[in-house]
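*Asks:* The structure under discussion is supplied below as structure tokens; questions concerning it will follow.
Number of protein chains: 2
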Amino acid sequence: MINQKNIKKKGRPKTIDLEKIKNVAMSTYWSDGPTNVSLNEICNKAKISKPGFYREFGGEDGLMKSVLLLYKNSLIQQILNILQLEKTFDETLDLLISYVIGNRDKEHIKNGCLLAKFRQSRSKFGKKTQEQIDIILKERHLVFELWIKKVKSKGEFSCSLSSKVVANYIISQLDYAVSGLANGEKNSNIKNILTLALSVLRT
Amino acid sequence: MINQKNIKKKGRPKTIDLEKIKNVAMSTYWSDGPTNVSLNEICNKAKISKPGFYREFGGEDGLMKSVLLLYKNSLIQQILNILQLEKTFDETLDLLISYVIGNRDKEHIKNGCLLAKFRQSRSKFGKKTQEQIDIILKERHLVFELWIKKVKSKGEFSCSLSSKVVANYIISQLDYAVSGLANGEKNSNIKNILTLALSVLRT
DNA sequence: AGATTATAGTACCAATCAGTATCTTATTAT
DNA sequence: ATAATAAGATACTGATTGGTACTATAATCT
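Chains as they are written, first to last, in our numbering: chain A, 1090 to 1292; chain B, 1090 to 1292.
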């Protein structure tokens, strides 16, 4: 049962470009907000027919779940990768700050975090979308928590607070910095706030 | 030219209840998000006709500006009043924390800050609404900044950072706490984060 | 009483929405 | 060749949107 793509299947061959649809949907949800985008708009932009869309995704819920997975694998993973570089605790904090403040393209900066936008309107979405939001949030928290535990065991960081709380604190501050930039706050202001907030964790 | 209400005016007397419309609009924008509410919905809930609404408010832009003013006078003012109590710096921080974490009714907690919601979608609104968002943000910042300057001059707080930056920091942390609660984060988590973040300012 | 004025509200408009019935087209199976 | 299968795409449905023409109503003014 090898999942071969050239296997001969009955019926008219598929020409629909799923990746294109997901990319169009992601960028539109990102710039306009997930609650402010219609399926008609996405279908028009992606140049597909609505019945085709419904065949592939079932509806908005399926599309949003797919978009969240795409966002996690392409964007959120970049933050998580910083934690795997085996730098010291303080160096890692610096890397996180500079990634959030300046290392992303302007479009991303002014759009903020797509996951945060989904989270803010969580109750408005379908079941699969809500579940996917929760899964990604949990995953992100877990990776941060494991990283904190590791730097604690290495002796690079000691704190009376639990790793859970510290992970939550760092994620919150990074999230806030991203949304502050998206709200038009000056780069330097956000950098000051983020640096000050994370300074309580440094030795 | 006394602004007498019983002055006899020509034409059919007004029966429309402007306060009711503003209150209906505010609570609906608050719970559903300002970009997810239609004028039809507001008119139906407030039991007024659409032509009547357009006569009074001109359109969505005018209504939103009125709602923002109402929100500022009824809710944002409560936070600002805490700064006028002439308590010490540390006591005032404690009061701010407990106001945000626990002293508001459950509906408000789960809805977050209406001003923050407007701010997040600022570019989607009309000119008057955008201007009003900016005015309220500026006012809020100014009140915090003046308070910081006062406690600095009293010698209750000293810090190498400018009053502007400190004011911005405190507002940001309070904003984040409110939105964290609205996102369903546990009360105790948010209290930990906020307390930790503000601890850098304490002596 | 009749003219004037201003508000209330019905009922409409074109545009857009989510979702689908239906028909066409392109391929494989027999 | 013909049947079976599956995808593409037009074109529709009923509901809702922002916005308004128009009419009915209730008051004052002359």
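The beta carbon of each residue, even a glycine, is placed where N, CA and C say it ideally should be.
If you drop the 5 nearest sequence neighbours on each side, which residues of the same chain put their C-beta closer than 7 Å to that of B:Q1262?
*Replies:* Position 173 of the second sequence, counting from 1, holds the residue named residue 1262 of chain B. So the qualifying residues of the chain are L1283, A1286, L1287.
*Asks:* In or out: B:N1129 buried (at least 16 other Cβ within 10 Å) or exposed?
*Replies:* In the second sequence, residue 1129 of chain B corresponds to position 40, counting from 1. The residue in question, B:N1129, is exposed, as its Cβ has fewer than 16 Cβ neighbours within 10 Å.
*Asks:* Given this structure, state the Cα-to-Cα distance separating B:L1152 from B:I1110, to the nearest angstrom.
*Replies:* For the purposes of this step, residue 1152 of chain B is taken as residue 63 along the second sequence, with counting starting at 1. For the purposes of this step, residue 1110 of chain B is taken as residue 21 along the second sequence, with counting starting at 1. Those two C-alpha atoms are separated by around 9 Å.
*Asks:* With DSSP as the reference, label A:G1140 as helix, strand or coil.
*Replies:* Along the first sequence, read from residue 1 onward, the residue named residue 1140 of chain A stands at position 51. In the sequence as displayed, the identity of residue 1140 of chain A is Pro instead of Gly. Three-state DSSP puts A:P1140 in a helix.
*Asks:* Using CA atoms only, rank isn't needed, just tell me which of B:F1178, B:A1271, B:I1105 is closest to B:L1235.
*Replies:* The residue given as residue 1235 of chain B occupies position 146 in the second sequence. Comparing Cα-Cα distances from B:L1235 to each of B:F1178, B:A1271, B:I1105, the minimum goes to B:F1178.
*Asks:* Classify B:V1126 as helix, strand or coil using the three-state DSSP reduction.
*Replies:* Working through the second sequence from its first residue, we reach residue 1126 of chain B at position 37. DSSP places B:V1126 in coil when its eight states are reduced to three.
*Asks:* Just the C-alpha distance for B:L1290 and B:S1252, rounded to the nearest angstrom, thanks.
*Replies:* Numbered from 1 along the second sequence, position 201 holds the residue referred to as residue 1290 of chain B. Numbered from 1 along the second sequence, position 163 holds the residue referred to as residue 1252 of chain B. About 12 Å.
*Asks:* Using 8 Å as the threshold, is the C-beta distance between B:A1266 and B:F1233 below it?
*Replies:* The residue labelled residue 1266 of chain B in the question sits at position 177 within the second sequence. The residue labelled residue 1233 of chain B in the question sits at position 144 within the second sequence. Not closer than 8 Å, so no.
*Asks:* Comparing the C-beta of B:Q1093 with each C-beta of chain A, is any distance below 8 Å?
*Replies:* Here residue 1093 of chain B refers to the residue found at position 4 of the second sequence. In this predicted model, B:Q1093 has a pLDDT of only 44, less than 50, meaning its place in the structure is not dependable enough to derive any value.
*Asks:* Would you mind working out which of A:A1271, A:S1249, A:K1227 sits nearest B:E1381, comparing C-alpha positions?
*Replies:* Because chain B in this structure spans residues 1090 to 1292, residue 1381 of chain B falls outside the shown range and cannot be described.
*Asks:* Can you tell me where the alpha helix (DSSP H) with B:N1200 in it begins and where it stops?
*Replies:* Numbered from its first residue, the second sequence carries residue 1200 of chain B at position 111. It spans 1195-1200 - the alpha helix (DSSP H) in which B:N1200 sits, taken as one unbroken run.
*Asks:* Looking at the C-beta of B:G1122, does it have a partner C-beta in chain A at a distance below 8 Å?
*Replies:* Sequence index remark: in the second sequence, residue 1122 of chain B carries index 33 (1-based). So yes, B:G1122 belongs to the interface.
*Asks:* Do three or more CB pairs link the segment 1192-1204 of chain B to the segment 1155-1172 of chain B at distances below 8 Å?
*Replies:* Counting Cβ pairs under 8 Å, three or more are found: they touch.
*Asks:* Which bits of chain B does A:L1285 rub up against, with CB to CB less than 7 Å?
*Replies:* The residue you call residue 1285 of chain A lines up with position 196 of the first sequence. The contacting residues are Y1258, V1289.
*Asks:* Cα-Cα, which of B:D1121, B:R1144, B:S1268, B:G1100 is closest to B:L1107?
*Replies:* In the second sequence, residue 1107 of chain B corresponds to position 18, counting from 1. Measuring from the Cα of B:L1107, the nearest candidate turns out to be B:R1144.
*Asks:* Compute the beta-carbon to beta-carbon distance between A:S1155 and A:F1146, rounded to the nearest angstrom, for a pair I have assumed lies under 8 Å.
*Replies:* What you label residue 1155 of chain A is simply residue 66 of the first sequence in a count that begins at 1. What you label residue 1146 of chain A is simply residue 57 of the first sequence in a count that begins at 1. Between A:F1146 and A:S1155 the Cβ distance is about 7 Å, and since that is below 8 Å, they are a contact.
*Asks:* Along the segment 1195-1216 of chain B, what residues have a CB closer than 7 Å to any CB found in chain A?
*Replies:* The segment 1195-1216 of chain B vs chain A, Cβ under 7 Å: R1208, Q1209, S1210.
*Asks:* Of all Cβ atoms in chain B, is any one closer than 8 Å to the Cβ of A:Y1265?
*Replies:* As a first step, residue 1265 of chain A is located in the first sequence; it is residue number 176 there, counting from the start. Yes, contact with chain B.
*Asks:* Do you know offhand how far B:Q1093's Cα is from B:G1100's?
*Replies:* Taking the first residue of the second sequence as 1, we reach residue 1093 of chain B at position 4. Taking the first residue of the second sequence as 1, we reach residue 1100 of chain B at position 11. Bear in mind that the predicted position of B:Q1093 carries a pLDDT of just 44, short of 50, making it unreliable; the figure below should be weighed with that in mind. Their backbone Cα atoms lie some 17 Å apart in a straight line.
*Asks:* Could you check where the alpha helix (DSSP H) with A:T1218 kicks off and where it finishes?
*Replies:* What you label residue 1218 of chain A is simply residue 129 of the first sequence in a count that begins at 1. Here the alpha helix (DSSP H) through A:T1218 covers 1216-1242.
*Asks:* According to DSSP, simplified to helix, strand and coil, what is A:I1168?
*Replies:* The residue labelled residue 1168 of chain A in the question sits at position 79 within the first sequence. It is helical.
*Asks:* Would you kindly work out how many angstroms separate the C-alpha atoms of A:Y1258 and B:I1259, rounded to a whole number?
*Replies:* On the first sequence, position 169 is the one that residue 1258 of chain A refers to. On the second sequence, position 170 is the one that residue 1259 of chain B refers to. Taking the straight line from one Cα to the other gives about 15 Å.
*Asks:* Are the Cβ atoms of B:D1150 and B:G1215 separated by less than 8 Å?
*Replies:* As a working mapping, residue 1150 of chain B is identified with position 61 in the second sequence. As a working mapping, residue 1215 of chain B is identified with position 126 in the second sequence. Their beta carbons are under 8 Å apart, which means B:D1150 touches B:G1215 by this criterion.
*Asks:* Do we get a CB-CB distance below 8 Å when we pair B:S1242 with the residues of chain A?
*Replies:* Position 153 of the second sequence, counted from the start, is the residue given in the question as residue 1242 of chain B. By this cut-off, B:S1242 is not an interface position.
*Asks:* Using a Cβ cut-off of 8 Å (strictly closer), state whether A:I1282 contacts chain B.
*Replies:* As a working note, residue 1282 of chain A is residue 193 in the first sequence. Yes, A:I1282 lies at the interface with chain B (some Cβ there is under 8 Å from its Cβ).
*Asks:* Here's a check: name, in chain order, each residue in its chain whose Cβ is nearer than 8 Å to the Cβ of A:Y1188, leaving out the five neighbours to either side.
*Replies:* Against the first sequence, residue 1188 of chain A aligns to sequence position 99. Hits under 8 Å: Q1167, I1168, I1171.
*Asks:* Name, please, each residue of chain A whose Cβ falls closer than 8 Å to the Cβ of B:N1129.
*Replies:* Residue mapping note: residue 1129 of chain B aligns to position 40 of the second sequence, counting from 1. Residues of chain A passing the Cβ test: none, with the nearest at roughly 17 Å.
*Asks:* Should B:N1133 be labelled buried (16 or more other beta-carbon atoms within 10 Å of its own) or exposed?
*Replies:* One-based indexing of the second sequence puts residue 1133 of chain B at position 44. Burial call: exposed.
*Asks:* So the candidates are A:K1238, A:N1272, A:I1186; which of them puts its Cα closest to the Cα of B:R1208?
*Replies:* For this step, residue 1208 of chain B is matched to residue 119 along the second sequence. Closest by alpha carbon: A:N1272.
*Asks:* Report all residues from its chain with a CB closer than 7 Å to the CB of A:I1091; omit the five preceding and five following residues, and keep chain order.
*Replies:* As a first step, residue 1091 of chain A must be located in the first sequence, where it is residue number 2. The predicted position of A:I1091 is uncertain, since its pLDDT is 34 and thus under 50; no value can be drawn from it.
*Asks:* Report the three-state DSSP secondary structure of B:E1175 (helix, strand or coil).
*Replies:* In the second sequence, residue 1175 of chain B corresponds to position 86, counting from 1. Three-state result, B:E1175: coil.
*Asks:* Any idea if A:G1269 is buried or exposed, counting beta-carbon neighbours within 10 angstroms, 16 or more meaning buried?
*Replies:* Here residue 1269 of chain A refers to the residue found at position 180 when the first sequence is read from its first residue. By the neighbour-count rule (16 or more Cβ atoms within 10 Å), A:G1269 is buried.
*Asks:* What does a CB cutoff of less than 6 Å around A:I1279 pick up in its chain, not counting 5 residues either side in sequence?
*Replies:* Numbered from 1 along the first sequence, position 190 holds the residue referred to as residue 1279 of chain A. So the qualifying residues of the chain are A1266, G1269, L1270.
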